[in-house]
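Enquirer:
Chains as they are written, first to last, in my numbering: chain A, 5 to 344; chain B, 5 to 344.
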């Protein structure tokens, strides 16, 4: 184990690959190693990239990776794929992305998929980020396809969140924007050579004006669940707030990428200069502990409750003798009796 | 309370509206009423409709509602909107849909959004379905936008799941199909007058041949978490399996809707004739209890653990003195001590 930890801390690609596989398989072998690596984490900047399907996220991720490589930074890419909860296999294979970046030992790419358990994807993504972080990757790009929970998971993990849009994806996509706008630190209209790009940019800027997503501190504060932070502090009027810029890119032609890298850098400097790094990290930790506790608690219950007991309760619900909420109360009472 | 229950069982729209608001607000007032209504549920057929943004799901839902209304069935529509976890507001308002269906008292439409809590959306959606079911709605259409957890939630709730596709949404959407194919009972290629529709249909049929999603029994069995049903039974070779049909529709012209209604009816008859209704319902109950237990357990923990204690643990994690998994073990040990 010590060998693997040392190899990983020295940036061994083989060690990274092996440990990422353990993490993604949720193998118990990963656990002591993650504990050993933890003190060596916290150096990487994590960039979340999300947006609706068809916006060209993967191309943009490739462009960003190349740009950071040109700055001589080590780049880790985690492609999170929440779309196949049943097979548990990553659909967008590593191979598609490898074309441009293959042969560069300064880039490490891994696709990850959920194993179907709620919260499992968020946990394995966080652990994968830590593995790359401890191995010395400076920039970690976490990409997800989605229009729901997956974005939230990214916000909860990333230091800078990019929301990618594309022109002309229809009204429904426009509507979705209102939702994902709120999680964006930087908005990108990709495929900016398509008709309607400028209209999309204006629409986004308008929505930003209406929505005032303001700083990330405010937003993430909503999620302070363990400490029940319910009302985020209103920033003082003289306190600078981060207004997400709206950028245009054409990833296939590598246009606008330098501006995007610069916007990400500005966001990073904003977080750091405003003293927001520590409070934002606290919130991320709080959210992670909350999610892990949920998982652990249900495991404990499953271990203390016999399948026969559960089956009997399910029968009563199916026969409409017991409603689901009362069934839960019953199972919890039984659990309490079993553990005491 | 009895008055509201009776009014609802008699199909009062006002009672339905009030109770749906309570359900969607997660108001404690809803709880005893849901218990009282529960014996009166289980009659409606619940149809889940999902697919990537831009496929025209809402138009198709409107078409289906009109078709069922023509059969003199009462139709409830729940538009689940998981895209705005931060504001908690439903983005796609009821108003957009109301245009065609307004003035018809046989249709009830409600948009719902998550309040940000994991599992909250699934719970409120299930409760909303029960309210409509108890109020006598025959068909309940549950629509969601998404490419992730939200589809899974729909599968876990619906009796028949439609996955909507559209031609020409790009390669990434093609890739997603592989994931959501597995949850489809019926596949619909909407906007079938667009270029590439036949190609999309062929591609889907080919993927179905490869993937063998087979019957719903097999798939949902993966989720039997409380009883830890891990290996689904392989159906006997002489047992009929449900092969999801791939249909073409043009919702804006109401084309292909009759065929879609007929395919849904065939799926319903398949489930019923094969004796699958009861085992599938058991699985749905099991999944629901599992989700509710998770929520209840974390609530108990939050009530027993002082914010100061949590803050101290978070500090240790932030200082890299304690890794997240060890932090969880510590909080659980403290919780156990507090409740015993």
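Quick reminder that beta carbons are idealized off the backbone N, C-alpha and C, glycines included.
Taking residue 331/B as the query, report the chain A residues whose CB atoms sit under 7 Å from its CB, ordered along the chain.
Expert: Neighbours of residue 331/B on chain A, chain order: 293.
Enquirer: So residue 342/A is in the alpha helix (DSSP H); what residue range does that whole segment cover?
Expert: Here the alpha helix (DSSP H) through residue 342/A covers 328–343.
Enquirer: Answer yes or no: do residue 84/B and residue 20/B have a C-beta to C-beta separation smaller than 8 Å?
Expert: No; because the gap between Cβ atoms is not below 8 Å, this pair is not in contact.
Enquirer: Span of the alpha helix (DSSP H) holding residue 290/B?
Expert: Residue 290/B -> alpha helix (DSSP H) spans 281–308.
Enquirer: Between 140/A, 171/A, 16/A and 80/A, which has its C-alpha nearest residue 55/A's C-alpha?
Expert: Nearest C-alpha to residue 55/A: 171/A.
Enquirer: Using the Cβ count rule (16 or more neighbours within 10 Å means buried), how would you classify residue 210/B?
Expert: Exposed.
Enquirer: Which class does residue 78/A belong to by DSSP, given the choice of helix, strand or coil?
Expert: It is coil, neither helix nor strand.
Enquirer: Does the ligand SAH have a heavy atom nearer than 7 Å to the CB of residue 341/B?
Expert: This structure simply doesn't include the ligand SAH, nor any ligand for that matter.
Enquirer: Under a Cβ-count criterion, where at least 16 other Cβ atoms within 10 Å of its own Cβ denotes burial, should residue 202/A be classed as buried or exposed?
Expert: Counting Cβ neighbours within 10 Å, residue 202/A comes out exposed, since fewer than 16 surround it.
Enquirer: Compute the Euclidean distance between the alpha carbons of residue 13/B and residue 323/B, then round it to the nearest angstrom.
Expert: Their backbone Cα atoms lie some 57 Å apart in a straight line.
Enquirer: Between the segment 321–341 of chain B and the segment 328–342 of chain A, do at least 3 Cβ pairs fall closer than 8 Å?
Expert: Taking 8 Å as the limit for Cβ pairs, the verdict is that the segment 328–342 of chain A does not touch the segment 321–341 of chain B.
Enquirer: Where does residue 10/B land, buried or exposed, given buried means 16+ other C-beta within 10 angstroms?
Expert: Burial call: exposed.
Enquirer: Of all Cβ atoms in chain B, is any one closer than 8 Å to the Cβ of residue 141/A?
Expert: It does not; no Cβ of chain B falls within 8 Å.
Enquirer: Could you give the residue range of the beta strand (DSSP E) that holds residue 112/B?
Expert: Where residue 112/B is concerned, the enclosing beta strand (DSSP E) stretches over 111–117.
Enquirer: Check this for me: beta carbons of residue 265/A and residue 162/A, under 8 Å apart or not?
Expert: No. Outside cutoff.
Enquirer: With a threshold of 16 other CB atoms inside 10 Å of the CB of residue 47/B, please say whether the residue is buried or exposed.
Expert: Exposed is the call here.
Enquirer: Which residue or residues does DSSP assign as beta-bridge partners of residue 147/A?
Expert: Answer is 53/A and 83/A, bridged to residue 147/A.
Enquirer: May I ask you to list, following chain order, the residues of the segment 302–320 of chain B that have a beta carbon less than 9 Å from some beta carbon of chain A?
Expert: Against chain A - using a Cβ distance shorter than 9 Å - the residues of the segment 302–320 of chain B are 302, 304, 305, 306, 309, 311, 314, 315, 317, 318 and 319.
Enquirer: For chain A, find out if any of its Cβ atoms is closer than 8 Å to the Cβ of residue 189/B; answer yes or no.
Expert: No, residue 189/B does not count as interfacial toward chain A.
Enquirer: Checking contacts by CB at 8 Å: is residue 4/B closer than that to chain A?
Expert: Because residue 4/B is not part of the residues shown, which for chain B are 5 to 344, the question remains open.
Enquirer: Cβ atoms of residue 305/B and residue 301/A: under 8 Å apart, would you say?
Expert: For residue 301/A and residue 305/B, yes; Cβs fall inside 8 Å.
Enquirer: Of all the CB atoms in chain A, is at least one closer than 8 Å to the CB of residue 39/B?
Expert: Closer than 8 Å to some Cβ of chain A, the Cβ of residue 39/B qualifies, so yes.
Enquirer: Taking the DSSP output, what are the residues bridged to residue 193/A?
Expert: In the DSSP output, where bridge partners are listed per residue, residue 193/A has 169/A and 252/A.
Enquirer: So, residue 271/A versus residue 167/A, is the Cβ gap smaller than 8 Å?
Expert: No, Cβ-Cβ distance for residue 271/A and residue 167/A is not below 8 Å.
Enquirer: In chain order, what residues of the same chain lie with their CB nearer than 8 Å to the CB of residue 343/B, ignoring the 5 residues before and after it?
Expert: Answer for residue 343/B: 304 and 308, listed in chain order.
Enquirer: Between which two residues does the alpha helix (DSSP H) containing residue 311/B stretch?
Expert: Per DSSP, residue 311/B belongs to the alpha helix (DSSP H) from 311–322.
Enquirer: Between 283/A, 138/A, 287/A and 313/A, which lies nearest to residue 24/A when the distance is taken from Cα to Cα?
Expert: For residue 24/A, the nearest C-alpha among the options comes from 138/A.
Enquirer: Verify the CB distance criterion: does residue 248/A have a CB-CB separation below 8 Å to chain B?
Expert: No, no contact with chain B.
Enquirer: For residue 106/A, which residues in the same chain have their Cβ closer than 8 Å to its Cβ, ignoring the five residues on either side in sequence?
Expert: Once the five neighbours on either side are set aside, residue 106/A has no close Cβ partner at all.
Enquirer: Assign residue 165/A to buried or exposed, taking buried as 16 or more other Cβ atoms, counted over all protein chains shown, within 10 Å of its Cβ.
Expert: Buried is the call here.
Enquirer: Assuming contact is defined by CB atoms lying nearer than 8 Å, are residue 71/A and residue 261/A in contact in what I supplied?
Expert: Result yes, Cβ atoms of residue 71/A and residue 261/A sit closer than 8 Å.
Enquirer: Strictly under 8 Å for the Cβ-Cβ distance: is residue 234/A near chain B by that measure?
Expert: With a pLDDT of 37 at residue 234/A, under the threshold of 50, the predicted position of this residue should be treated as unreliable, though the coordinate-derived value follows. No, its Cβ sits nowhere closer than 8 Å to a Cβ of chain B.
Enquirer: I'd like to know whether the C-beta atoms of residue 283/A and residue 188/A end up nearer to each other than 8 Å.
Expert: In this structure, residue 188/A does not lie closer than 8 Å to residue 283/A by Cβ.
Enquirer: For residue 17/A, count the other beta carbons within 10 Å of its own beta carbon; 16 or more makes it buried, fewer makes it exposed. Which is it?
Expert: Exposed.
Enquirer: Could you give the residue range of the alpha helix (DSSP H) that holds residue 16/A?
Expert: Per DSSP, residue 16/A belongs to no alpha helix (DSSP H) and is neither H nor E.
Enquirer: In the segment 248–265 of chain B, which residues sit with their C-beta less than 9 Å from some C-beta in chain A, listed in chain order?
Expert: Listed in sequence order: no entries.
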